[in-house]
Amino acid sequence: MRIANLADRLVLINDHLAVDVESASGGRFGPDPAAVFAAWGEFAAWASAIDVTAHPDATSFPDEELGAPSPRPRQVVGVGLNYADHAAEAGLPIPDEPVVFTKFASAVTGPDADVTLPGATVDWEAELVVVIGTGGRDIPEAEALSRIAGYTVGQDLSERTVQWQATPAQFSMGKSFRDFAPTGPAIVTLDEFADPARLAISATIVEVDGTETRVQDGSTEQLIFGVAELVSRLSRVLELLPGDLIFTGTPPGVGAGMDPKRFLRDGETLVTEIEGIGAITQRFHA
502 MRIANLADRL
512 VLINDHLAVD
522 VESASGGRFG
532 PDPAAVFAAW
542 GEFAAWASAI
552 DVTAHPDATS
562 FPDEELGAPS
572 PRPRQVVGVG
582 LNYADHAAEA
592 GLPIPDEPVV
602 FTKFASAVTG
612 PDADVTLPGA
622 TVDWEAELVV
632 VIGTGGRDIP
642 EAEALSRIAG
652 YTVGQDLSER
662 TVQWQATPAQ
672 FSMGKSFRDF
682 APTGPAIVTL
692 DEFADPARLA
702 ISATIVEVDG
712 TETRVQDGST
722 EQLIFGVAEL
732 VSRLSRVLEL
742 LPGDLIFTGT
752 PPGVGAGMDP
762 KRFLRDGETL
772 VTEIEGIGAI
782 TQRFHA
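For the sequence shown, the numbering used here begins at 502 and goes up steadily by one.
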């Protein structure tokens, strides 16, 4: 099941076909993509029986009309240094506990976005993003995957100068400029994956002249703290709310880890892709 936000309406999609949820459910579920998480269990049971491809009301759509699949999360949690090779390129030890920060919710945007560069040191971080379904507190690890809605693609864009300009570091500020939390193109439920713990993840920069450079190329099987463990550990402290986002960390290959360092430039495009979910695209402007 693939759940998406098409022109601010909740839809089910398959390839380039979409079924409007409000219409197909006879009004049982409304059009607001953010509201569905409050009735996630009921919605998921209904939606799992819908065959988008064969549905008489399925229509084609342009990718540019897709918005953030969870457009108004109340909490956006980031996890740092969750791949051993990324910790190494940052010159930091592998953490014994999850390193947690927040990206403020106003940074959330959709999968196809134009992003204004607020400084000269904006970096990329391709990430698997967990979307919370029912959520809760003190979730046992064995139950954690049943409390999530699914996975989506995310970019944890980071202005490194702002991130490190104070002591202690201002992670949340450097990672929360406008459009610094692009997500999409859809929420994909775990039953859609052959192995939801082993998904290829990559980031590619397209320069102004069209030159493409794959800067990140990893797999989510390399996560230090896996999804179930993260959900369980986080829920011991905060209540995970329906629609919340968890950015699970990035594999190696970020610009700050290169020698010399390399950051996003005016006119460049960034494409982030995760196996079985799809790709998101950001275009950067001075």
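By construction, the Cβ of each residue, glycine as well, lies at the ideal position given by its N, Cα and C atoms.
State the DSSP-derived secondary structure class of ARG699, mapped to helix, strand or coil.
It is coil, neither helix nor strand.
Inter-residue spacing [alpha-carbon to alpha-carbon] between THR830 and LEU511
With the chain covering 502 to 787 only, the question about residue 830 has no answer from this structure.
Can you list, in chain order, the residues of its chain whose CB lies under 7 Å from that of ARG715, leaving out five sequence neighbours each side?
Once the five neighbours on either side are set aside, the close Cβ partners of ARG715 are SER703, THR705.
Identify which residue in PHE785, LEU739, ILE781 has its Cα closest to the Cα of VAL577.
Measuring from the Cα of VAL577, the nearest candidate turns out to be LEU739.
Short Cβ contact (8 Å threshold) for ASP558 with VAL755:
Not closer than 8 Å, so no.
What separation, rounded to the nearest whole angstrom, lies between the Cα atoms of ASP586 and GLY611?
Between ASP586 and GLY611, the alpha-carbon positions lie close to 28 Å from each other.
What whole-angstrom Cβ distance do VAL728 and GLU769 have, given they're in contact under 8 Å?
Going by Cβ atoms, the distance from VAL728 to GLU769 rounds to 31 Å, so no, they are not a contact pair.
Own chain partners of THR661 with C-beta closer than 7 Å, once the 5 adjacent residues on each side are dropped
Position check: residue 661 holds Arg in this sequence, whereas Thr was assumed. If we look at ARG661 and ignore the five residues flanking it on each side, its Cβ neighbours are THR622, ASP624, GLY675, ALA757.
What's the gap between the Cα of ILE595 and the Cα of PHE726?
Cα-Cα distance, rounded: 11 Å.
What is the residue span of the alpha helix (DSSP H) that ASP586 lies within?
Annotation: the continuous alpha helix (DSSP H) that includes ASP586 extends over 585-590.
Do GLY779 and ALA687 have their C-beta atoms closer together than 8 Å?
By the CB criterion at 8 Å, GLY779 and ALA687 fall inside the cutoff.
Checking the sheet assignment: what are the DSSP bridge partners for ASP624?
Answer by DSSP bridge pairing, in chain order: SER659.
Complete beta strand (DSSP E) runs within the region 661-722 (minimum length 3 residues, chain order)
Correct list: 682-689, 701-707, 713-720.
Could you tell me which of ALA535, ASP692, THR749, GLY581 sits nearest to LEU629, measuring between CA atoms?
Minimum Cα-Cα distance from LEU629 among the listed residues ALA535, ASP692, THR749, GLY581 corresponds to THR749.
Taking Cβ positions, are ARG784 and ASP552 nearer each other than 8 Å?
Going by C-beta atoms, ARG784 is not nearer than 8 Å to ASP552.
Nonlocal neighbours in the same chain, by C-beta distance under 6 Å from GLN723, ignoring five residues either side:
For GLN723, where only same-chain residues beyond five positions count, the Cβ hits under 6 Å are TYR584.
Residues in its own chain within less than 7 Å of ILE649 by CB, not counting five upstream and five downstream?
So the qualifying residues of the chain are VAL631, VAL632, ILE633, GLY634, VAL732.
Which whole-angstrom value describes the C-beta separation of GLY685 and LEU765, a residue pair presumed to lie in contact below a C-beta threshold of 8 Å?
Incorrect: roughly 19 Å between the Cβ atoms, too far for contact.
Run of the alpha helix (DSSP H) containing PHE544, from where it starts to where it stops:
In the DSSP assignment, PHE544 falls within the unbroken alpha helix (DSSP H) covering 541-548.
Quick one: give me the first and last residue of the beta strand (DSSP E) that ALA780 is part of.
Judged by DSSP secondary structure, ALA780 falls within the beta strand (DSSP E) whose first and last residues are 779-786.
Take ARG734 as the anchor and find which of GLN664, TRP547, GLU642, ASP760 has the nearest alpha-carbon.
It is GLU642.
Let me check one thing: in DSSP terms, what residues is PHE748 bridge-paired to?
Bridge partners of PHE748: GLY579, VAL630.
Cβ neighbours of ASP767 in the same chain (closer than 7 Å, five flanking residues each side left out):
Answer for ASP767: LEU618, PHE785, HIS786, ALA787, listed in chain order.
In the DSSP assignment, the alpha helix (DSSP H) including ARG503 goes from what residue to what residue?
Where ARG503 is concerned, there is no enclosing alpha helix (DSSP H), although the beta strand (DSSP E) it sits in stretches over 503-507.
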